[in-house]
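A.B. asks:
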Amino acid sequence: MHQTTVAQRLAPRVEPPGPHQGIGFREFVGLVAALMATNALAIDTMLPALPNIASSLGVHEEASRGWIITAFIMGFGAAQIMYGPLADRIGRRPVLIGGLACYVLFGAGAACATSFGMLLAFRVAQGFAVAATRVVTISVVRDCYSGRQMARVTSLAYMVFLAVPVLAPSIGQFMLAFMPWRGLFLGLAAYGALVLTWLLLRLPETLHPDYRRPIDPRTIRRAIAVTVADRQSRGYAIAQAMVNGALLGFINSLQPIFADIFRVPHLMPTVFAGTAGMMMLASLLNARVVERLGSRRMSHGAILGFLVVELVHLGIVLSDSETIASFAICQGAAMFCFGLSFGNFGALAMEPLAAVAGTAASTQGCFVTVLGGLFGYTIGAAFDRTTLPMTLGFVIAGVLALAAILVTERGRLFRPQHADPGLPMR
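To convert, note that position 380 of the sequence shown is 508 in the numbering used here; the numbers rise steadily by one, no gaps.
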């Protein structure tokens, strides 16, 4: 297989002639979503099990439970800075294969943990390994598509990927009914093995030979400098980090909100599924219209909507009128806006950086994940048996994201995206 024809084999409506000869558009989107889901599953299936895991390992403080999520996110974020340069040098496939293989091994290790510290160590290592799927998957998409077509591919992948939060807490709760919490980690390892097999059989190398870059400090520094110095890359990465922080704050706060405020922990998977369903709906809408309206118009409108929704929610909380219905409705609306903004922010941040896509994806991914993870943990740790910390955190995230966009766009929202052919990269 000649690497120069990979982009053509990945183009829409082009079906591969057989195994190892390329991959069709729909299967490509499905595989991208499956790779992304390795991260989401490792977070969302844990939510119903947090009290069980902490109690089993002798941890009784509510705030400490959040480290089961945060440790994974910290490893996931910190590792991304190394995967980009590696993928730019040796190719996308080897890095993905190695990352998924380690994800399987560390998932099995977490299932055997005998102390809370050991579990957190395996969670950091598991996040470190699976970070390859975040960085390299984005690089694969950028290798093959640009502009609004890239945003469409990203939105379709996110639509499938967002089905995971709809199902994952219910899957975790169902598994806990028949097995101890250690079975959840074995399930993650099994899923990783399935995705690894799919990748080995179907995904060709997508890195163009001319874009292979040597691994040396000066080259990496230059690529990082290009990523950081680019106004569009920097601004939209900040905006993406803020909405990511809001989402992680929601995840960290959800279990205590339903257990301690509303006292209906059995409803948490249902409400979580509903909010994730709103993200799926938003991603489907975005995939249908982003090529016509552009990523800027979609994401700018979404962040304004997000801020309005959270200001309304804040008013409800401050007036002591919060109910489970108001919480679910406001969070569903906020997650709809999230679904319209996150993927578009990522596509806009990556758009100017084709020649350094791997390093750019890792640099942006590290920043977005670590900053978002710390912001989200802060929201969760501030829990005071009301929904005020979470709602106020959402408002702050929306304000900071909007400020980053205004600075990036020099005060002009909704301006048309630069013309591009919207075709796969050749």
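A virtual CB, placed ideally from N, CA and C, is assigned to each residue, including glycine.
Compute the Euclidean distance between the alpha carbons of T325 and L163, then round it to the nearest angstrom.
C.D. replies: In a straight line, the C-alpha of T325 is about 12 Å away from that of L163.
A.B. asks: If you draw a straight line from the alpha carbon of P384 to that of R513, how long is it in whole angstroms?
C.D. replies: About 8 Å.
A.B. asks: Across the segment 232-242 and the segment 253-270, are there enough close Cβ pairs to call them in contact, namely three or more that are closer than 8 Å?
C.D. replies: Yes, the segment 232-242 touches the segment 253-270.
A.B. asks: Among A462, I389 and S490, which residue has its Cα nearest to the Cα of S449?
C.D. replies: Measuring from the Cα of S449, the nearest candidate turns out to be I389.
A.B. asks: Taking just the CA atoms, how far does L439 sit from V523?
C.D. replies: Whole-angstrom Cα-Cα distance: 6 Å.
A.B. asks: If you draw a straight line from the C-alpha of H148 to the C-alpha of D338, how long is it?
C.D. replies: For H148, the predicted structure reports a pLDDT of 36, less than 50, and the residue's modelled location is therefore unreliable. A value from the coordinates is still provided. Straight-line Cα distance between these residues: approximately 22 Å.
A.B. asks: Following the continuous alpha helix (DSSP H) through G402, name the residue where it begins and the one where it ends.
C.D. replies: Per DSSP, G402 belongs to the alpha helix (DSSP H) from M396 to L421.
A.B. asks: Taking the alpha-carbon of G194 as reference, which of G158, S427, T398 and S381 has the nearest alpha-carbon?
C.D. replies: Nearest option by C-alpha distance: S381.
A.B. asks: Determine, using beta carbons only, whether V269 and V281 come nearer to each other than 8 Å.
C.D. replies: Yes, the pair counts as a contact, with Cβ atoms nearer than the cut-off.
A.B. asks: In terms of residues, what are the limits of the alpha helix (DSSP H) holding D216?
C.D. replies: Segment W195 to I218, the alpha helix (DSSP H) holding D216.
A.B. asks: Alpha carbon to alpha carbon, what distance is there between D344 and A462?
C.D. replies: Their backbone Cα atoms lie some 43 Å apart in a straight line.
A.B. asks: Among residues of its own chain, excluding the 5 on either side of A430, which ones have a beta-carbon nearer than 6 Å to its beta-carbon?
C.D. replies: C465, L468 and S469, listed in sequence order.
A.B. asks: Given this structure, state the Cα-to-Cα distance separating G422 from V160, to the nearest angstrom.
C.D. replies: Taking the straight line joining both Cα atoms gives about 22 Å.
A.B. asks: Expressed to the nearest angstrom, what Euclidean distance is found between the alpha-carbon atoms of C240 and V498?
C.D. replies: If I take the Cα positions, the gap works out to 27 Å.
A.B. asks: Are the CB atoms of L375 and F386 nearer to each other than 8 Å?
C.D. replies: Not closer than 8 Å, so no.
A.B. asks: If you count every other CB in all the chains shown that lies within 10 Å of the CB of H130, and 16 or more means buried, which is it?
C.D. replies: Confidence is the limiting factor: at H130 the pLDDT is only 44, short of 50, which leaves the residue's position unreliable and the question unanswerable from this model.
A.B. asks: Taking C-alpha atoms, which residue in A525, Q492, T519 and A482 lies nearest to F503?
C.D. replies: That would be A525, whose Cα lies nearest to the Cα of F503.
A.B. asks: If I follow the unbroken alpha helix (DSSP H) through R349, where does it start and stop?
C.D. replies: Element bounds for R349: P345 to A357.
A.B. asks: Can you tell me the Cβ-Cβ gap for T536 and Q360, rounded? I've got them flagged as a contact below 8 Å.
C.D. replies: Rounded, the Cβ-Cβ distance is 6 Å, consistent with contact.
A.B. asks: Would you mind giving the Cβ-Cβ distance between G363 and I533, rounded to the nearest angstrom? I have them listed as a contact below 8 Å.
C.D. replies: With 8 Å as the limit, G363 and I533 qualify as a contact, their Cβ atoms being about 6 Å apart.
A.B. asks: Using the three-state DSSP reduction, which class does V187 fall into: helix, strand or coil?
C.D. replies: Coil.
A.B. asks: Does DSSP put E537 in a helix, in a strand, or in coil?
C.D. replies: Correct three-state label for E537: coil.
A.B. asks: Among T487, L476 and M406, which residue has its Cα nearest to the Cα of R425?
C.D. replies: The shortest C-alpha separation from R425 is found at L476.
A.B. asks: If G460 sits next to T403, beta carbons under 8 Å apart, how far is it from one beta carbon to the other, in whole angstroms?
C.D. replies: Confirmed, about 5 Å.
A.B. asks: Kindly indicate which three-state DSSP category W326 falls into: helix, strand or coil?
C.D. replies: In this structure, W326 counts as helix in the three-state DSSP scheme.
A.B. asks: Pick helix, strand or coil for S561, following the three-state DSSP scheme.
C.D. replies: What is shown of the chain runs 129 to 554, which leaves residue 561 out entirely.
A.B. asks: Runs of 4 residues minimum, wholly inside the segment 453-535: which ones carry the alpha helix (DSSP H) assignment?
C.D. replies: Here the runs fully enclosed are 485-509.
A.B. asks: What number of angstroms, rounded off, separates the C-alpha of Y319 from the C-alpha of G311?
C.D. replies: Distance between the alpha carbons of Y319 and G311 is about 12 Å.
A.B. asks: To the nearest angstrom, how far is it from the Cα of P176 to the Cα of F302?
C.D. replies: For P176 and F302, the distance between alpha carbons rounds to 10 Å.
A.B. asks: DSSP on S243, reduced to helix/strand/coil?
C.D. replies: Correct three-state label for S243: coil.
A.B. asks: Taking A215 as the reference, which of P397, T506 and T491 has the closest Cα?
C.D. replies: Closest option to A215, Cα to Cα, is T491.
A.B. asks: Reducing DSSP to helix, strand and coil, say where F390 ends up.
C.D. replies: Of the three classes helix, strand and coil, the one that applies to F390 here is coil, per DSSP.
A.B. asks: State the DSSP-derived secondary structure class of I171, mapped to helix, strand or coil.
C.D. replies: Correct three-state label for I171: helix.
A.B. asks: Rank N372, F400, M407 and I444 by C-alpha distance to the C-alpha of L528 and give the top, closest one.
C.D. replies: Residue N372 is the option with its Cα nearest to L528.
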